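This report concerns only the one structure given below.
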Amino acid sequence: MTLQELINDFGLSESEAQLLLRINQPNAGTRAG
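Residue 1287 in our numbering sits at position 20 of the sequence shown, with consecutive numbering throughout.
Rendered as structure tokens:
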């Protein structure tokens, strides 16, 4: 899912979409679960 898809589909702001993308990508620095 791309940044633009999050903005379009969920009506998020760009900063909100970027935050979600960071959280959902395992290689973004911090290790999730």
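Quick reminder that beta carbons are idealized off the backbone N, C-alpha and C, glycines included. Please read these numbers as outputs of a predicted model, since none were measured by experiment.
For I1290 and N1275, the gap between their C-alpha atoms comes out near 19 angstroms. Short of 8 angstroms from the beta carbon of L1287, and not among the five residues preceding or following it, lie these beta carbons of its own chain, in chain order: L1273, L1279. In the three-state reduction of the DSSP assignment, Q1292 falls in the coil class.
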